[in-house]
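To convert, note that position 7 of the sequence shown is 7 in full-length UniProt numbering; the numbers rise steadily by one, no gaps.
Backbone N, C-alpha and C define an ideal beta-carbon position, used for all residues, glycine too.
The structure presented is a predicted model; accordingly, all values stated were derived computationally and were not measured.
First the structure, in the form of structure tokens, and then the observations on it.
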Amino acid sequence: MKKVSVIISLLLSLTVISVILVVLTNSETEEQTSFAVKDHTVKAADPQVTPKSFKSEITLGAVGDILIHNSVYEDARTANGYDFRPMLAPVKDSMVSPDIMFANQETILGGTELGLSSYPMFNSPYEVGDALKDAGVDIVSIANNHTLDRGEQAILNATDYLNKIGIPYVGGYRSFEDQNTPRIINSEGIKVGFVAYTYGTNGLIRPEDKPYLVQLIDDNKIVEDIEKLKPQVDFVVVSLHFGLEYQRLANEVQELLVDEVSKAGADIILGHHPHVLQPADWIEQENGHKTFVIYSLGNFLSGQAELYQRIGAVLHVNLSKEIDRENNVHYNISNAKIMPTYNYRPNYRNYKVVPLFEADQYGLTNAKQLYEEMQQHMKTYSDDLEVVPEL
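Here's what the structure looks like:
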């Protein structure tokens with residue numbers, strides 16, 4: 001009898017252990033399946049478990065050159081420093097609404113301790129960064145022809161302050177380690193990576209032992225960087241500081257470089273430097289890869305005087321990612337919209353960035369006519385772009 005009791009006890013023990021193992025195995029399978037859905041890279045470990053589908057869409061926003069001439073920072077002066085936030089207030093809603101917002105911070109934010117300066121060698125107050133943060137900017141490019149204007153210390157000051165207020169920067173770095181840290185923003189399960197480059201630095205020489213300070217346009221380097229970044233993200237955004245100043249159409253050099261960068265895998269190309277708006281286009285490669293490019297986003301906030309230098313834009317474009325039940329991943333770029341803006345500043349005072357369509361309220365008598373002109377101009381290369389009065 002005792003022997004039978006022992007056997008039954010053993011059987012019961014084995015049954016309990018089996019149940020525990022089954023529960024643990026099922027829990028582990030559920031965790032792996034959940035991880036697969038969350039990470040979007042690993043298939044479900046158990047073939048008996050039906051994979052879940054996933055779909056997400058975000059909006060990427062961008063604005064062009066923030067070029068802080070002395071008239072701009074003097075207008076922003078307060079009793080305690082500088083405040084640029086009122087200048088962006090009329091278009092703040094269009095900047096805050098995208099999930100990820102990019103800006104081209106053309107003048108280095110070296111701070112007053114280095115002495116503020118204007119053209120041709122700029123240095124701007126830290127408070128420009130505060131205004132960008134307040135307006136929803138999530139990342140800035142600092143790769144442009146003015147990056148080296150006030151030397152290495154200005155770059156260190158600027159990047160230190162941007163780190164302090166939580167705005168990532170790209171295209172200029174503090175060290176090799178900083179340069180080798182990928183700029184990736186994860187929003188709603190979609191990872192977007194950023195790189196940035198400039199054609200040059202106005203003849204100022206980048207130190208040979210510190211090439212990380214500013215990233216120069218080099219076809220091979222750009223391709224290498226994109227190929228390294230691509231496996232880590234869903235979309236690659238490339239900022240290119242290129243083209244000829246004040247030319248309203250892209251030139252052949254820009255077009256050739258854009259095609260090369262598109263072939264390397266860039267999904268979005270944001271152009272800067274001409275200080276006027278240049279049209280948008282869609283570049284499609286033989287393998288079906290599609291790239292959206294805007295050759296120049298123009299000036300967003302600056303002290304430049306000519307009419308077309310005072311017209312910029314806010315860009316919105318949708319990025320979507322879908323994973324079906326077979327774990328096939330589908331990406332799409334769509335719904336590109338541009339809202340033209342106007343840099344209002346009577347007598348170089350009371351600076352405000354306003355929607356161009358509404359600029360007649362700020363004294364621009366032909367605002368509606370200019371808006372219609374921008375509608376046609378921005379579609380010079382492609383009709384697959386919506387120019388809107390507001391965002």
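Proximal residues to residue 144 (C-beta, below 6 angstroms), its chain only, five neighbours per side dropped:
Mapped onto the sequence shown, residue 144 falls at position 144. Once the five neighbours on either side are set aside, the close Cβ partners of residue 144 are 106, 198 and 241.
Reduced DSSP category for residue 183 - H, G, I as helix; E, B as strand; rest coil
Locating residue 183 in the sequence shown gives position 183, counting from the first residue. Correct three-state label for residue 183: strand.
For the 8 angstroms Cβ check, are there 3 or more pairs between the stretch 363–378 and the stretch 317–334?
no
Residue 59, DSSP secondary structure in three states
Counted from its first residue, the sequence shown places residue 59 at position 59. The answer is strand: DSSP assigns residue 59 an E or B state.
Spatial neighbours of residue 171 within its chain, please: CB distance less than 6 angstroms, with the 5 preceding and 5 following residues excluded, ordered by chain position.
Counting from 1 along the sequence shown, the entry for residue 171 is found at position 171. Taken in chain order, the residues that qualify are 141, 142, 143, 196 and 215.
Jot down the residue ranges of each uninterrupted alpha helix (DSSP H) in the stretch 117–146, minimum 4 residues, whole runs only, in chain order.
127–134
Unbroken alpha helix (DSSP H) runs of length 4 or more, entirely within the stretch 249–290: which are they?
252–264
So, residue 281 versus residue 118, is the Cβ gap smaller than 8 angstroms?
Numbered from 1 along the sequence shown, position 281 holds the residue referred to as residue 281. Numbered from 1 along the sequence shown, position 118 holds the residue referred to as residue 118. No; because the gap between Cβ atoms is not below 8 angstroms, this pair is not in contact.
Through-space distance from residue 276 to residue 337, alpha-carbon basis
Within the sequence shown, the letter at position 337 stands for residue 337. Within the sequence shown, the letter at position 276 stands for residue 276. Going from the Cα of residue 337 to the Cα of residue 276 covers about 17 angstroms.
My understanding is that residue 315 touches residue 294, with C-beta atoms under 8 angstroms, so please give their C-beta distance in whole angstroms.
The residue labelled residue 315 in the question sits at position 315 within the sequence shown. The residue labelled residue 294 in the question sits at position 294 within the sequence shown. 6 angstroms between Cβ atoms; contact.
Pairwise C-alpha distance: residue 286 and residue 131:
Taking the first residue of the sequence shown as 1, we reach residue 131 at position 131. Taking the first residue of the sequence shown as 1, we reach residue 286 at position 286. The alpha-carbon atoms of residue 131 and residue 286 are separated by roughly 43 angstroms.
Return the chain-ordered list of same chain residues with a C-beta closer than 8 angstroms to the C-beta of residue 191, the five sequence neighbours on each side being excluded.
For the purposes of this step, residue 191 is identified with residue 191 of the sequence shown, where counting begins at 1. 184, 185, 232, 233, 234 and 235.
Considering only heavy atoms of the ligand MN, does any lie closer than 7 angstroms to the CB of residue 373?
The ligand content of the structure shown is nil, which means the ligand MN is not present either.
Note down, in chain order, each residue of its chain lying with its Cβ closer than 6 angstroms to the Cβ of residue 359, except the 5 sequence neighbours on either side.
Stepping through the sequence shown from its first residue, residue 359 is reached at position 359. Closer than 6 angstroms at Cβ, skipping near neighbours: 342 and 367.
Alpha carbon to alpha carbon, what distance is there between residue 167 and residue 137?
For the purposes of this step, residue 137 is taken as the residue at position 137 of the sequence shown. For the purposes of this step, residue 167 is taken as the residue at position 167 of the sequence shown. For residue 137 and residue 167, the distance between alpha carbons rounds to 7 angstroms.
Helix, strand or coil, according to DSSP, for residue 337 in the structure here?
Counting from one through the sequence shown, the residue named residue 337 turns up at place 337. It is a strand residue.
Need the endpoints of the beta strand (DSSP E) that residue 355 sits in, please.
The count along the sequence shown starts at 1 and reaches residue 355 at position 355. Per DSSP, residue 355 belongs to the beta strand (DSSP E) from 352–355.
Our contact map puts residue 129 next to residue 161 with C-beta atoms below 8 angstroms; I'd like the distance itself, whole angstroms only.
Position 129 of the sequence shown, counted from the first residue, corresponds to residue 129. Position 161 of the sequence shown, counted from the first residue, corresponds to residue 161. About 6 angstroms; that satisfies the 8 angstroms criterion.
Closest residue to residue 112 among 104, 102, 103 and 123 (Cα-Cα distance)
Taking the first residue of the sequence shown as position 1, residue 112 is located at position 112. Measuring from the Cα of residue 112, the nearest candidate turns out to be 123.
Taking the CB atoms as reference points, tell me whether residue 110 and residue 272 lie closer together than 8 angstroms.
Counting from one through the sequence shown, the residue named residue 110 turns up at place 110. Counting from one through the sequence shown, the residue named residue 272 turns up at place 272. Not closer than 8 angstroms, so no.
Helix, strand or coil for residue 68 per DSSP?
In the sequence shown, the residue the question calls residue 68 occupies position 68. Residue 68: coil per DSSP, three-state reduction.
Assumed close pair residue 193, residue 229 - CB separation to whole angstroms, cut-off 8 angstroms
Here residue 193 refers to the residue found at position 193 when the sequence shown is read from its first residue. Here residue 229 refers to the residue found at position 229 when the sequence shown is read from its first residue. Going by Cβ atoms, the distance from residue 193 to residue 229 rounds to 4 angstroms, so yes, they are a contact pair.
Which residues does DSSP pair with residue 78 in a beta bridge?
Translated into the one-based positions of the sequence shown, residue 78 becomes position 78. Paired residues: 81.
Whether residue 290 touches residue 222 by CB criterion (8 angstroms)
Start at 1 with the first residue of the sequence shown, and residue 290 comes out as number 290. Start at 1 with the first residue of the sequence shown, and residue 222 comes out as number 222. For residue 290 and residue 222, no; Cβs fall outside 8 angstroms.
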